[in-house]
Amino acid sequence: MDGNNDVQAELDSVEAELELVELQITELLQKQAELTSRKDALLQQLEEACDTAQPSSSSSSSSSLKSSGGHSAMSKQEMQLYDGTDFPWSQAVEQHLKDLFHLSTFRPLQLRAINLTLSGKDLFLVMPTGRGKSLCYQLPAVCSEGFTLVVTPLVSLMEDQIMSLKSVDVSAVMLNASSSKEHAKMVLAGMTDVKAPFKLVYVTPEKIAKSKLLMSRLEKAYNANLLNRITVDEVHCCSQWGHDFRPDYKLLGILKRQFPKVPLIGLTATATSNVLKDCEKILCVPQPITLTASFDRTNLYYEVRIKESDNDAIISNIASLIKNRYKDQSGVVYVFSQKDAESVSSELQKRDIVAYPYHGNMDPGAKSRVHRKWTSNKIRVIVATVAFGMGIDKPDVRFVIHHTISKSIENYYQESGRAGRDGHPADCIVYFGFSDIFRISTMVVMENVGQQKLLKMVDYCQNVDRCRRSLMAVHFDEVWDDEGCNQMCDTCRHAKDHRTADITQHARQVVQILELAASMNEKLTPLKLVEAWMGKGPAKRRKMIQTTTLSRLQAEAVIVRLLLQGYLREDFSFTPYTTYFYMKLGHKAALLKNQSHTLSMEMGTQSGYASVKAASGQGKAKEGKRSVQSTGDAPVSKKTKTDLP
Ligand code: ADP
Ligand code: MG
Ligand code: ZN
1 MDGNNDVQAE
11 LDSVEAELEL
21 VELQITELLQ
31 KQAELTSRKD
41 ALLQQLEEAC
51 DTAQPSSSSS
61 SSSSLKSSGG
71 HSAMSKQEMQ
81 LYDGTDFPWS
91 QAVEQHLKDL
101 FHLSTFRPLQ
111 LRAINLTLSG
121 KDLFLVMPTG
131 RGKSLCYQLP
141 AVCSEGFTLV
151 VTPLVSLMED
161 QIMSLKSVDV
171 SAVMLNASSS
181 KEHAKMVLAG
191 MTDVKAPFKL
201 VYVTPEKIAK
211 SKLLMSRLEK
221 AYNANLLNRI
231 TVDEVHCCSQ
241 WGHDFRPDYK
251 LLGILKRQFP
261 KVPLIGLTAT
271 ATSNVLKDCE
281 KILCVPQPIT
291 LTASFDRTNL
301 YYEVRIKESD
311 NDAIISNIAS
321 LIKNRYKDQS
331 GVVYVFSQKD
341 AESVSSELQK
351 RDIVAYPYHG
361 NMDPGAKSRV
371 HRKWTSNKIR
381 VIVATVAFGM
391 GIDKPDVRFV
401 IHHTISKSIE
411 NYYQESGRAG
421 RDGHPADCIV
431 YFGFSDIFRI
441 STMVVMENVG
451 QQKLLKMVDY
461 CQNVDRCRRS
471 LMAVHFDEVW
481 DDEGCNQMCD
491 TCRHAKDHRT
501 ADITQHARQV
511 VQILELAASM
521 NEKLTPLKLV
531 EAWMGKGPAK
541 RRKMIQTTTL
551 SRLQAEAVIV
561 RLLLQGYLRE
571 DFSFTPYTTY
581 FYMKLGHKAA
591 LLKNQSHTLS
601 MEMGTQSGYA
611 SVKAASGQGK
621 AKEGKRSVQS
631 TGDAPVSKKT
641 KTDLP
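Residues in the sequence shown are numbered consecutively from 1, following the UniProt record's numbering.
Here is the structure:
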């Protein structure tokens, strides 16, 4: 018995230590990301300084071309040669496209990618999901001698691919942990068979990492010139900066090291240049050509609304949008949890809207019923958790409203991107609330870079002065030209509804509160921090701090800004039942001790943000217009004006 207690005690202590280590790792990763992005920004500055010496070219094309290190390995003209149809393989490519794949034309960048890989170039292809990346290695596979090796992270993805290839009579096989001995033997033998019984071999990364038999077969095939191409699907899985890091992908560098003459093609829907650079190193491809299809969806209007704490007001606001602006049209309202899905849909129903919930906990029958009825317009609005996503191909979704922010910009892009697939105008509106940030934080706390990605999303939402499309473009590493938005986001439409506010004194007050709390051995949740600052804390504390005259929304906005800029940071603490979030001082807080240090932020004057005195002190900003697109919806409630002390 005693022995058991000892073990339990040690287990507890090991677990506690592990938690600590994980926290430290998270901190270091965050630090690393900050430094990397600083480094990139500096590199870019240098590069821009060089570029201004050269005449600029118009950047209105629907795709952009980049190569590693930001220096084009190929000029634009050279690159355009790869859109041609006079290569030795061009006839075969054309014929297989029609006869085998039953497709009439290529989509943007497909032919270029195919010609590049058939020319033996290493290639990274970044294209949003559903645009047709698979064709870019499947078609070359059938136009080449031997076979293509395809590394795919999931067996289910493999099975999908093999099924669809079977339906067009392209022979493909797979090797994974559950392959039988006979099957594996057949596949391995086929790899060195000059008659090439299959054109594609799908494998999981752990097969490459663990099966010496496979590696030795690949080597034989390589020496016999039968390994024609290496495809790495979901290539961002190599990097822990990608949203889906898989340790076995780290070992795939062995492929290029062993088979240097074989061209590699890496595919992904979401990779920033940081991630790609990392993948480049991991896969040992020194100078791949990167083709990036544009992420910009020109028919989508992007808007952010400030979410007040009054839940009823938010629902009424959403309901009014749906009943007026989107009268008789269909859409999705994304919510944070199953509970929210139930409650928001029933609140909308009370307001005479045919809305139904959709979440992971419903039985499959109910889910597909709701989905079907929505597709056939019998249900107008689905109130869903992110479980609703796969297989949404309804073209006429006119609005995607986020009742709660997404956990990353990648997720937001995907979720909001379900609007307007038919190319007609559609709206993407997100309700941005202070406490939601921390609800999501708790959810992503275990993910390596979860916090960082969330803060990027928060930054997108808090932004009041830069074009939202440009923020997304930058996030996805696209070249952005300022004409590109065409007033299709709220900040472009209401360009003047913001003012610069000096928040240095506010920042000092917040820091003082946290220091005081720390000295009393007390931790403050974000909510407690706001309340303390607003003078709603215990009387004892109120006497010791300077309370703010800012409105609640302004106070929250300042705290979010401080968090985004590293003056504050999140501090979490785990119990067996829940994760607690506290605010503590960030690495920049010390800067505020320096009397000459100043800090300002752009504050919106619309939807709830009251006007604040401009930093220069010349008068007050005027009450802004609220963002209304077309037909009027109920007015967003206005906060009273507050002057800064
Ligand atoms: P991704 O891997 O980029 O998410 P897929 O390769 O799975 O996308 O392709 C998505 C869909 O687009 C498939 O149904 C595919 O048949 C289709 N598709 C691909 N290329 C073309 C094309 N040139 N013309 C029409 N449909 C295409
Ligand atoms: Mg794919
Ligand atoms: Zn814009």
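The beta-carbon is built from N, C-alpha and C at its ideal position, and this holds for glycine as well.
Note that the structure is a prediction, hence the values are computed from the model and not measured.
Near ligand 2: residue i beta-carbon under 7 Å from a heavy atom
| i | result |
| --- | --- |
| LYS233 | According to the sequence displayed, residue 233 carries Asp and not Lys. Yes, the Cβ of ASP233 comes within 7 Å of a heavy atom of ligand 2. |
Residue i beta carbon near ligand 3 (any heavy atom closer than 7 Å)
| i | result |
| --- | --- |
| THR491 | yes |
| MET488 | yes |
| CYS238 | no |
| ARG469 | yes |
| CYS136 | no |
| CYS461 | no |
| CYS485 | yes |
Residue i versus residue j: straight-line alpha-carbon distance, rounded
| i | j | result |
| --- | --- | --- |
| ARG131 | GLN24 | 39 Å |
| GLY417 | LYS133 | 18 Å |
| ASN115 | SER216 | 30 Å |
| LEU252 | GLN30 | 26 Å |
| GLY566 | ALA589 | 8 Å |
| CYS489 | TYR301 | 5 Å |
| GLY365 | SER346 | 20 Å |
| VAL344 | VAL386 | 15 Å |
| MET446 | LEU154 | 22 Å |
| VAL383 | ASP352 | 14 Å |
| LEU109 | ALA293 | 7 Å |
| residue 682 | GLU219 | Residue 682 lies beyond the residue range present for the chain, which begins at 1 and ends at 645; the question has no answer from this structure. |
| PRO263 | ASN225 | 12 Å |
| ASP12 | TYR580 | 19 Å |
| LEU135 | LEU149 | 14 Å |
| LYS496 | GLY586 | 32 Å |
| GLY3 | MET443 | 36 Å |
| residue 647 | THR548 | Look at the range of the chain in this structure, 1 to 645, and you will see that residue 647 is not part of it. |
| ALA209 | GLU22 | 26 Å |
| ALA184 | VAL151 | 16 Å |
Beta-carbon proximity of residue i to residue j, cut-off 8 Å
| i | j | result |
| --- | --- | --- |
| ASN228 | GLY146 | yes |
| LYS584 | ARG561 | no |
| HIS494 | ASP465 | no |
| ILE409 | HIS475 | yes |
| GLU206 | ASP160 | no |
| ALA141 | LEU125 | no |
| LEU283 | CYS238 | yes |
| GLU415 | GLY389 | yes |
| THR267 | ASP233 | The amino acid at residue 267 is misidentified as Thr; the sequence shows Leu. Closer than 8 Å, so yes. |
| MET191 | ALA221 | yes |
| THR500 | GLU602 | yes |
| SER171 | PHE198 | yes |
| CYS485 | CYS461 | no |
| PHE101 | LEU139 | yes |
| ILE513 | LEU527 | no |
Closer than 7 Å: residue i CB and nearest ligand 1 heavy atom
| i | result |
| --- | --- |
| MET127 | yes |
| ALA271 | no |
| LEU291 | no |
| GLN110 | yes |
| THR105 | yes |
| ARG131 | yes |
Coarse secondary structure for residue i, derived from DSSP in three states
| i | result |
| --- | --- |
| ASN228 | strand |
| LYS588 | coil |
| THR605 | coil |
| SER416 | helix |
| GLN618 | With a pLDDT of 32 at GLN618, under the threshold of 50, the predicted position of this residue should be treated as unreliable, though the coordinate-derived value follows. It is coil, neither helix nor strand. |
| MET472 | helix |
| MET215 | helix |
| MET443 | helix |
| HIS494 | coil |
| ASP502 | strand |
| ASP482 | helix |
| GLY266 | strand |
| GLU515 | helix |
| MET583 | strand |
| ILE162 | helix |
| MET534 | coil |
| ASP99 | helix |
* To do: Give every residue whose Cβ lies closer than 6 Å to any heavy atom of ligand 2, listed in chain order.
  => By the rule of a C-beta closer than 6 Å to any heavy atom of ligand 2, the residues picked out are LYS133, SER134.
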